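Colleague: Take a look at this one; I'll ask things after.
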Amino acid sequence: MKVKLRYYGKLVERIGKSDEILLVDDITVRELLSILEKKYPQLKQLSIKIAQNNRITNIDETITSSKIDVFPPFSGG
Amino acid sequence: MKVKLRYYGKLVERIGKSDEILLVDDITVRELLSILEKKYPQLKQLSIKIAQNNRITNIDETITSSKIDVFPPFSGG
Amino acid sequence: MKDTVKNIFIEGGISPEKISNSILSHQSKTEIGAHDIFLGQVRADKVQGKTVRAIDFTAQTEMANEICHQIKEATFKKYPITCMHIYHSLGKVLAGEICIFVFVSAAHREAVFKALQEVVDEIKANVPIFGKELFDDSTHQWKENN
Amino acid sequence: MKDTVKNIFIEGGISPEKISNSILSHQSKTEIGAHDIFLGQVRADKVQGKTVRAIDFTAQTEMANEICHQIKEATFKKYPITCMHIYHSLGKVLAGEICIFVFVSAAHREAVFKALQEVVDEIKANVPIFGKELFDDSTHQWKENN
Numbered sequence: 000m001k002v003k004l005r006y007y008g009k010l011v012e013r014i015g016k017s018d019e020i021l022l023v024d025d026i027t028v029r030e031l032l033s034i035l036e037k038k039y040p041q042l043k044q045l046s047i048k049i050a051q052n053n054r055i056t057n058i059d060e061t062i063t064s065s066k067i068d069v070f071p072p073f074s075g076g
Numbered sequence: 000m001k002v003k004l005r006y007y008g009k010l011v012e013r014i015g016k017s018d019e020i021l022l023v024d025d026i027t028v029r030e031l032l033s034i035l036e037k038k039y040p041q042l043k044q045l046s047i048k049i050a051q052n053n054r055i056t057n058i059d060e061t062i063t064s065s066k067i068d069v070f071p072p073f074s075g076g
Numbered sequence: 000m001k002d003t004v005k006n007i008f009i010e011g012g013i014s015p016e017k018i019s020n021s022i023l024s025h026q027s028k029t030e031i032g033a034h035d036i037f038l039g040q041v042r043a044d045k046v047q048g049k050t051v052r053a054i055d056f057t058a059q060t061e062m063a064n065e066i067c068h069q070i071k072e073a074t075f076k077k078y079p080i081t082c083m084h085i086y087h088s089l090g091k092v093l094a095g096e097i098c099i100f101v102f103v104s105a106a107h108r109e110a111v112f113k114a115l116q117e118v119v120d121e122i123k124a125n126v127p128i129f130g131k132e133l134f135d136d137s138t139h140q141w142k143e144n145n
Numbered sequence: 000m001k002d003t004v005k006n007i008f009i010e011g012g013i014s015p016e017k018i019s020n021s022i023l024s025h026q027s028k029t030e031i032g033a034h035d036i037f038l039g040q041v042r043a044d045k046v047q048g049k050t051v052r053a054i055d056f057t058a059q060t061e062m063a064n065e066i067c068h069q070i071k072e073a074t075f076k077k078y079p080i081t082c083m084h085i086y087h088s089l090g091k092v093l094a095g096e097i098c099i100f101v102f103v104s105a106a107h108r109e110a111v112f113k114a115l116q117e118v119v120d121e122i123k124a125n126v127p128i129f130g131k132e133l134f135d136d137s138t139h140q141w142k143e144n145n
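Protein chains in written order, with numbering that gives the first Met the number 0: chain A, 0 to 76; chain B, 0 to 76; chain C, 0 to 145; chain D, 0 to 145.
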């Protein structure tokens, strides 16, 4: 499955792009995070959150949406 | 000593005037309240506060100011 | 800011423009990160078939200003706040209009939230202001705080 | 009021006029007795000799609007409030300008005080908005909430 990852805030700087396409097969959020941390070791210290369908995911949830948001800590307000 | 009593809020209605002069000698707040309640039995159920020099008095304090405020419960805000 | 006794009273309802001007005047204070504003609005309460159309406020204004000054001083000592302003109506305020405006500012939000609530509670409990609720049939009753 | 997902975002700083217009539009709701307003203002913080001159906000706006809608719904269920409005800046907000405006109204003050604090805390914790603090020397750092 083709998944579009969108990066936000300081992640855009750390990764050097604001989105990218990943080819994955039936993976969980935990597995996605592990893929990302291997690909971008600079993300390890950040507490990253993953959202799909405009909702923060649980770590054992399966990725089902083709659009995934990858967030650094929120800092609104 | 001549003391000017000023009445506020619903007291003006209950008593029928907004101020009056009282002749008293070295009395405490407690004694003043008792004088007022004898004179105006309709005040008994109200929790009246007495102020002098822009400060709420204690019950055993002596009346020293020539201007005394007689307040019903506050209802600002 | 904390030294002189200020006049808290405004004749009639407090206009939204008064509030926005007050906010605007704080934009030069760039150490402020959080404002908390309380506004009391006159409710058109229904009592035995009658409706409140206004509250007519009277006060011992000199003492009220003095007590508000003391409330401010105590709050500045207790919380790390930058500014505090208190305004209250005198005279007639129609249902739907603002009769009290309390404005607290600080670097961080924790202080303004705590300070504002306490100040509003203290104003209601300790400031000699009296509200007469005027009904639509020309009768009235005296407002009671709780 | 509670049904549709609204857009909370305003481009740039939130003007005091926006706030007074919002207050004015509540004067016809005469069941309201208390408003509580939180405003966040951009601080000119000093960090290692540099001064914050603005915050540039970005967001996942669709999700942010959705989460704010959920926060509103939950708060209406929890507290007897009449109205709630949430606005947040997007893009550049200068030091001294307002970047968040949260407005809660109810018949009585207890509900607005409790609801407003909780809502502001939840917005800071759960809404995907990101602030980039721009310094006067053209460097920047990413804002962190606590």
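All C-beta atoms in this analysis are idealised placements derived from N, C-alpha and C, irrespective of residue type, glycine included.
Just so it is clear, the structure is predicted and the values come from calculations on it, not from any experiment.
To the nearest angstrom, how far is it from the Cα of A114(C) to the Cα of Q69(C)?
Modeller: Rounded to the nearest angstrom, the two C-alpha atoms are 14 Å apart.
Colleague: On the DSSP letters alone, give me the boundaries of the alpha helix (DSSP H) that M62(D) sits inside.
Modeller: Run containing M62(D): 60-77, per the alpha helix (DSSP H) assignment.
Colleague: Leaving out the 5 sequence neighbours to the left and right, which residues in its chain are closer than 7 Å to P71(A) when beta-carbon positions are compared?
Modeller: Correct list, in chain order: Y7, G8, K9, L10, L45, I47.
Colleague: Spatial neighbours of K43(B) within its chain, please: C-beta separation below 8 Å, excluding the five flanking residues on both sides.
Modeller: Excluding positions up to five away in sequence, the list reads E36.
Colleague: Keeping to the same chain, check which residues put their C-beta closer than 7 Å to that of V126(C); ignore five residues upstream and five downstream.
Modeller: Excluding positions up to five away in sequence, the list reads A63, I66, C67.
Colleague: Roughly how many angstroms separate the alpha carbons of M0(D) and L38(C), rounded to a whole number?
Modeller: Confidence in M0(D) is poor, its pLDDT being 48 and thus under 50, which makes the residue's placement too unreliable to answer from.
Colleague: Which class does Q62(A) belong to by DSSP, given the choice of helix, strand or coil?
Modeller: The question names Gln, yet the displayed sequence has Ile at residue 62(A). If DSSP states are grouped into helix, strand and coil, I62(A) belongs with coil.
Colleague: Can you grab the Cα-Cα spacing for the pair E72(C) / T3(C), in whole Å?
Modeller: So the two alpha carbons sit approximately 10 Å from each other.
Colleague: Between A33(D) and I128(D), which are expected to be in contact by the criterion C-beta below 8 Å, what is the C-beta distance as a whole number of angstroms?
Modeller: The Cβ separation is near 28 Å, so there is no contact.
Colleague: Can you list the beta strand (DSSP E) stretches of 3 or more residues lying completely in the segment 74-139 of chain C, in chain order?
Modeller: The segment 74-139 of chain C contains these whole beta strand (DSSP E) runs: 80-93, 97-105, 128-134.
Colleague: Opposite L10(A) in the DSSP bridges: which residues?
Modeller: In DSSP, L10(A) forms no bridge with anything.
Colleague: Within the continuous alpha helix (DSSP H) that includes I34(A), where are the two ends?
Modeller: Run containing I34(A): 28-38, per the alpha helix (DSSP H) assignment.
Colleague: Flag A124(C) as yes if its beta-carbon sits less than 8 Å from any beta-carbon of chain B, otherwise no.
Modeller: Output row for A124(C): interface = yes.
Colleague: Could you tell me how far apart the beta carbons of K49(C) and D136(C) are, in whole angstroms, since I believe they sit closer than 8 Å?
Modeller: About 6 Å; that satisfies the 8 Å criterion.
Colleague: Measuring CB to CB, does A53(D) end up less than 8 Å from A94(D)?
Modeller: It is a contact, given that the beta carbons lie within the stated cut-off.
Colleague: Starting from E117(D), find everything on chain C with Cβ-Cβ shorter than 8 Å and list it in chain order.
Modeller: Here the premise fails: no neighbours, minimum Cβ distance about 10 Å.
Colleague: Kindly say whether E72(C), judged by its beta-carbon, lies nearer than 8 Å to any beta-carbon of chain B.
Modeller: Closer than 8 Å: no.
Colleague: Just tell me which of S19(C), D120(C), E109(C) has its CA closest to the CA of E117(D).
Modeller: Of the candidates S19(C), D120(C), E109(C), the one whose C-alpha sits nearest the C-alpha of E117(D) is E109(C).
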